[in-house]
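Here our numbering is used: the first residue of the sequence shown is 91, the next is one more, and so on.
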Amino acid sequence: MAKLWHVLRQSRFARDSTILQAGSLMLAGLGLAGVLSLSHILGAAKQGEFYLAIAVFTALWFLLNLGVASVATSRVASATEEQDDHAVREWLTFAVEATLLMGTVCALLCWWLVPDLLRWWLGAESEHASRVATYATLLALEPLIGIPRLIGQVAFQGQRRMASLTRMENASELGRVLLVVVGAFWTGSALGAVVGQLLGAVVSCGFAVLYYQKERALRAGLPTLGSILGRVGRVRLAGRWGLGVRMGLVRNIDAYSVQVLPSLILDRYGSTEWVAYLRIGQRIVGVLRLLMTGVGRTGVSALSQAGAHLDPRRLGRVYRQTTLLGGLCVILSSLLMLPILPWFLGRFLPSDYVDPVWTCVLILLPGMWVMGFSVVNDIFYLMAHKLEVGIWISIANFVVQVPILFWLAQAWPEQGVAVALSLTYASSAAHVVYALWWLRKRELEPLEQFSGPPSDSTAKSSLPTGR
């Protein structure tokens, strides 16, 4: 036991994971506190409108957000391993420029399309639809406001500066939760929560700049914010979008199944109140999912560095370590949480929330246990040149899941969506099975047959070169 403890203390992977796990727990606690506060301030119907507006905005954002942050993080990690400061700056600029473009298009499309689409989906004369459309259009400004935070997330995660990443995200989440709750309390409506969300994005930018500058003063390797922003407009996006599209599709198809469609379908066939109940159930179960992020974010950098060394055995070792640790964290934590959860719900939620939320949690947990093992699938596909396989697995899952979701929502209007969502969580096992099979096959081959991460022929040519 003492030997194992010594090994863990000496392991950078374990150390970084521990830092992010602690940060993830704090983020989960803050987010859950915000959800519980809104349940008392707004009630189920108005709280459901707030979550529905987030789902509507997210539906459009996911159509445009093509995995840019993940690609940039992976490339920053590889460039850092090679001590290529120029590449680090270029990939951070790429993330900023791509997000500016996508965020602007998303905001314009929200303003133009969402009101009519929601009236069609929820009812032509629905005031509820008009309110949700207004809230979603306002939320579409958040990606543009949050660009400084994006720089910090990509840079800190790519260079494994986990302590600063954790501090930045915890401070940002605390500011967001406080402003959302204050906004809802001040106005008594979901509009106040939406405005608080946008003000929280502004506050998060301040924290991002603060921690970025502190990290630059402590350690070399980070470009100045001015040099990053000064290159915006001079980094070529063409040629990088193909990789971003393939990676984004893997993540965004899954996100549609988990975050977007359940809320939209439940509001149509069930009720706005049940949108709130399900989202709170997801948030509680999401505490377990957040436990995966500490392992997963560390795994992103570790997998990228293994790919940069062209070592399939190291890649397989890191993938299995990350996958197993993520799954065990979720299962063990849920078993510890279940005995006290009924008391917790009765103590901190309004009485009309308790039974529906408890039902949703019990339905969602089995699927989340399976999903706990899926922490670095998208980065594995990138390193293994197998993004197309990930896309086809995600599409196959999606094609199967959507009819099940509609059928269960109509047959069982209140709990049916939660059942379908649990099945969606469990379907992520297909990615893990494929990854383990592929890694086992490659580990048995000669080392030189592994070509490393996709880089458009060489690491240097993978840079988003200037015009």
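Note that CB positions come from ideal geometry on N, CA and C, so glycine has one too.
Problem set entry | Alpha-carbon spacing of E478 relative to P440, whole angstroms | One-based indexing of the sequence shown puts residue 478 at position 388. One-based indexing of the sequence shown puts residue 440 at position 350. C-alpha separation (whole angstroms): 46 Å.
Exercise. Of the choices E232, C196 and D206, whose alpha-carbon is the least far from that of R222?
Worked result: Against the sequence shown, residue 222 aligns to sequence position 132. In the sequence as displayed, the identity of residue 222 is Val instead of Arg. Checked all of E232, C196 and D206; the closest Cα to V222 is D206.
For this session: Please name the residue, chosen from G124, E139, A149 and I144, that lies closest to R341 on a Cα-to-Cα basis.
Result: Within the sequence shown, the letter at position 251 stands for residue 341. Of the listed residues, the one whose Cα sits closest to R341 is A149.
Exercise. Which residues mark the beginning and the end of the alpha helix (DSSP H) in which V359 is found?
Worked result: Taking the first residue of the sequence shown as position 1, residue 359 is located at position 269. This sequence places Tyr at residue 359; Val is not what is there. Note, Y359: alpha helix (DSSP H), L351 to Y359.
Problem set entry | R437 - containing alpha helix (DSSP H), residue span | Within the sequence shown, the letter at position 347 stands for residue 437. Residues L431 to F438.
Exercise. Which residues bound the alpha helix (DSSP H) around Q287?
Worked result: Residue numbering aside, residue 287 sits at position 197 when the sequence shown is read from its first letter. Annotation: the continuous alpha helix (DSSP H) that includes Q287 extends over A280 to L308.
For this session: Verify whether the separation of the beta carbon atoms of L529 and Y409 is less than 8 Å.
Result: One-based indexing of the sequence shown puts residue 529 at position 439. One-based indexing of the sequence shown puts residue 409 at position 319. Closer than 8 Å, so yes.
Exercise. Quick one: what's got a C-beta closer than 8 Å to V186's C-beta in the same chain, skipping five residues either side?
Worked result: Here residue 186 refers to the residue found at position 96 when the sequence shown is read from its first residue. Same-chain partners within the cutoff: I237, L240, I241, I318, L319 and V322.
Problem set entry | Span separating the alpha-carbon of F255 from that of H176 | Residue numbering aside, residue 255 sits at position 165 when the sequence shown is read from its first letter. Residue numbering aside, residue 176 sits at position 86 when the sequence shown is read from its first letter. The residue asked about is misnamed: residue 255 is Leu in this sequence, not Phe. C-alpha separation (whole angstroms): 22 Å.
For this session: Please classify A230: does DSSP put it in a helix, a strand, or coil?
Result: Locating residue 230 in the sequence shown gives position 140, where the first residue counts as 1. In this structure, A230 counts as coil in the three-state DSSP scheme.
Problem set entry | Per-residue DSSP class, three states only, for A474 | Stepping through the sequence shown from its first residue, residue 474 is reached at position 384. Coil.
Problem set entry | Rounded C-alpha distance that separates L513 from L418 | Here residue 513 refers to the residue found at position 423 of the sequence shown. Here residue 418 refers to the residue found at position 328 of the sequence shown. Answer to the nearest angstrom: the Cα atoms are 19 Å apart.
Exercise. Cβ atoms of D442 and A134: under 8 Å apart, would you say?
Worked result: Residue mapping note: residue 134 aligns to position 44 of the sequence shown, counting from 1. Residue mapping note: residue 442 aligns to position 352 of the sequence shown, counting from 1. Yes, they are a contact pair.
Exercise. Taking one C-beta from the region 260-276 and one from the region 285-304 each time, how about it: are there three or more such pairs within less than 8 Å?
Worked result: yes
Problem set entry | Where V267 falls, given that 16 or more other Cβ within 10 Å makes a residue buried | Translated into the one-based positions of the sequence shown, residue 267 becomes position 177. Under this definition V267 is a buried residue.
Exercise. Is the distance from the Cβ of L351 to the Cβ of V492 below 8 Å?
Worked result: Taking the sequence shown and counting its residues from 1, the one referred to as residue 351 is at position 261. Taking the sequence shown and counting its residues from 1, the one referred to as residue 492 is at position 402. Cβ atoms of L351 and V492: closer than 8 Å.
Problem set entry | Three-way DSSP call (helix, strand, coil) for P544 in this model | As a position in the sequence shown, residue 544 is number 454, starting the count at 1. Any reading at P544 must be qualified, since the residue scores a pLDDT of 49, below 50, and its modelled position is unreliable; the value itself is stated next. Three-state result, P544: coil.
Problem set entry | Closest Cα partner of I494 within the set T413, S347 and D445 | Translated into the one-based positions of the sequence shown, residue 494 becomes position 404. When each option's Cα is compared against that of I494, the closest is S347.
For this session: Could you name the residues of the same chain whose beta carbon sits closer than 8 Å to that of V522, not counting the 5 residues immediately before and after it, in chain order?
Result: Looking up residue 522 in the sequence shown gives position 432. Here the set comprises T413, F463, S464 and N467.
Exercise. So is Y301 in contact with chain C if we call contact Cβ pairs under 8 Å?
Worked result: Among the chains in the structure shown there is no chain C, since it carries only a single protein chain.
Exercise. Can you give the Cα-Cα distance for G506 and Y301, rounded to whole angstroms?
Worked result: Residue 506 sits at position 416 when you count from the first residue of the sequence shown. Residue 301 sits at position 211 when you count from the first residue of the sequence shown. The alpha-carbon atoms of G506 and Y301 are separated by roughly 44 Å.
Exercise. Three or more beta-carbon pairs under 8 Å between the region 164-180 and the region 131-147, yes or no?
Worked result: no
Exercise. Excluding the five sequence neighbours on either side, which residues of its own chain have a C-beta within less than 8 Å of the C-beta of R179, listed in chain order?
Worked result: In the sequence shown, the residue the question calls residue 179 occupies position 89. These residues qualify, in order along the chain: P313, S317, I318 and R321.
Exercise. Where do the N-terminal and C-terminal ends of the alpha helix (DSSP H) with S216 fall, by residue?
Worked result: Numbered from its first residue, the sequence shown carries residue 216 at position 126. S216 -> no alpha helix (DSSP H), and no H or E assigned at all.
Exercise. Once you ignore the five residues that flank V195 on each side, which residues in its own chain have a CB closer than 8 Å to its CB?
Worked result: What you label residue 195 is simply residue 105 of the sequence shown in a count that begins at 1. L154.
Exercise. Applying the criterion that 16 or more other CB atoms from any shown protein chain within 10 Å of the CB defines a buried residue, is F540 buried or exposed?
Worked result: Mapped onto the sequence shown, residue 540 falls at position 450. Per-residue confidence for F540 stands at a pLDDT of 46, beneath the threshold of 50, marking its modelled position as unreliable; the derived number appears in the next sentence. Per the 10 Å Cβ criterion, buried.
Exercise. Which same chain residues, not among the five before or five after I453, have their C-beta less than 7 Å away from its C-beta?
Worked result: If you number the sequence shown from 1, residue 453 lands on position 363. Excluding five sequence positions before and after I453, the CB atoms of its chain that fall closer than 7 Å to its own CB belong to Q505, A508, V509 and S512, given in chain order.
Exercise. Roughly how many angstroms separate the alpha carbons of G436 and V447, rounded to a whole number?
Worked result: Numbered from 1 along the sequence shown, position 346 holds the residue referred to as residue 436. Numbered from 1 along the sequence shown, position 357 holds the residue referred to as residue 447. The straight-line gap from Cα to Cα measures roughly 10 Å.
Problem set entry | C-beta atoms of A230 and F147 nearer than 8 Å | Your numbering for residue 230 matches position 140 in the sequence shown. Your numbering for residue 147 matches position 57 in the sequence shown. The answer is yes: Cβ separation under 8 Å.
Problem set entry | CB contact flag (V271, G124, <8 Å) | Counting from one through the sequence shown, the residue named residue 271 turns up at place 181. Counting from one through the sequence shown, the residue named residue 124 turns up at place 34. Yes, Cβ-Cβ distance for V271 and G124 is below 8 Å.
Exercise. Would R324 be called buried (16 or more neighbouring beta carbons within 10 Å of its own) or exposed?
Worked result: Counting from one through the sequence shown, the residue named residue 324 turns up at place 234. Per the 10 Å Cβ criterion, exposed.
Problem set entry | L327 versus M473, V299, T183 and R250, residue with shortest Cα-Cα distance | Indexing the sequence shown from 1 puts residue 327 at position 237. Nearest option by C-alpha distance: T183.
Exercise. For D174, which three-state DSSP category applies?
Worked result: What you label residue 174 is simply residue 84 of the sequence shown in a count that begins at 1. Looking at D174 - three-state DSSP - the assignment turns out to be coil, as it is neither helix nor strand.
For this session: Note down the Cα distance separating N487 from G278, rounded to an integer number of angstroms.
Result: Within the sequence shown, the letter at position 397 stands for residue 487. Within the sequence shown, the letter at position 188 stands for residue 278. If you take the alpha carbons of N487 and G278, they lie about 40 Å apart.
For this session: Determine the DSSP secondary structure at E180, reduced to helix, strand or coil.
Result: Position 90 of the sequence shown, counting from 1, holds the residue named residue 180. E180 falls in the helix class under three-state DSSP.
Problem set entry | M524 versus H475: straight-line alpha-carbon distance, rounded | Numbered from its first residue, the sequence shown carries residue 524 at position 434. Numbered from its first residue, the sequence shown carries residue 475 at position 385. Per the sequence shown, residue 524 should be read as Tyr rather than Met. Taking the straight line from one Cα to the other gives about 13 Å.
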